[in-house]
Amino acid sequence: MKALSIYPEYGMEILNGTKTEEYRTWATKYRGDLLICNSAKKTRGAVAGHALCVAKITGIEERDDGEQKYYAWVIAPFEEGGSYWIEPLKVKGQLKLFNVDDRLIKPAPFTNPLSKAGEQWYQEKIAPLIY
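Just so it is clear: in the sequence shown, position 30 is 30 by UniProt numbering, and no numbers are missing.
This is the structure in structure tokens:
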């Protein structure tokens with residue numbers, strides 16, 4: 001699976017569904033499942049050095065804020081057929097897009113992270129990794 005390293009606080013926002021776009025200075029033709037890997041930088045309130053979710057990239061929009069051009073990578077919502085949580089996976093990040101063996105990625109046993117099962121799973125699997 002294609003993977004992308006990002007700052008841990010942004011990875012947590014994607015995981016929680018509050019960040020629905022990832023901003024980059026470069027575009028890619030890639031669309032589909034993208035493993036979100038939190039970098040190793042320890043950040044209070046975030047998990048460092050792990051992948052926690054797969055963001056389904058549905059499109060990339062070119063934007064210009066008047067000073068520079070950038071690209072918004074649009075992330076599908078966390079629902080069936082969209083983005084999804086995974087078992088925490090220790091990953092060493094890299095620059096640009098990189099590959100992670102599909103066999104290492106194990107989806108969480110639910111489709112709705114806001115469900116009771118999702119909340120319980122978060123407390124058991126993710127909360128203990130938060131710095």
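The C-beta atom is built at its ideal place from N, Cα and C for all residues, glycine as well. Because the structure is a prediction, the values reported are computed rather than measured.
Extent of the continuous beta strand (DSSP E) to which residue i belongs
i, result
"E119", "Looking at the DSSP string, E119 is not in any beta strand (DSSP E); the run it does join, the alpha helix (DSSP H), is K116 to W121."
"T58", "H50 to D64"
"I86", "Y84 to K90"
"A76", "Run containing A76: none; DSSP gives neither H nor E here."
Residues of its chain near residue i, where Cβ-Cβ distance is below 6 Å and the 5 sequence neighbours each way are ignored
i, result
"F78", "G17 and P113"
"F110", "A117 and G118"
"L15", "L52 and C53"
"E87", "K106"
"R63", "Y70 and A72"
"R31", "I57"
"F98", "A3"
Inter-residue CB distance, residue i and residue j (contact presumed, cutoff 8 Å)
i, j, result
"T43", "P8", "4 Å"
"Y131", "A48", "6 Å"
"V100", "M12", "Contact flag wrong, Cβ pair sits at about 19 Å."
"T28", "I60", "7 Å"
Beta-ladder partner(s) of residue i, from DSSP
i, result
"Y71", "R24 and E62"
"K106", "K106 pairs with nothing; no bridge assigned."
"K2", "L34 and N99"
Contact set for residue i: own chain, Cβ-Cβ below 7 Å, skip 5 residues either direction
i, result
"A55", "I14, L34, I36, I75 and S83"
"I126", "V47, L52 and P88"
"S5", "C37, S39, G93 and Q94"
Cβ-based neighbour list, residue i, same chain, cut-off 8 Å, excluding 5 preceding and 5 following
i, result
"R24", "Y70, Y71 and W73"
"A40", "A48, G49, K92 and G93"
What are the uninterrupted segments assigned as alpha helix (DSSP H) that are 4 or more residues long and contained completely in the region 4 to 38, given in chain order?
8 to 15
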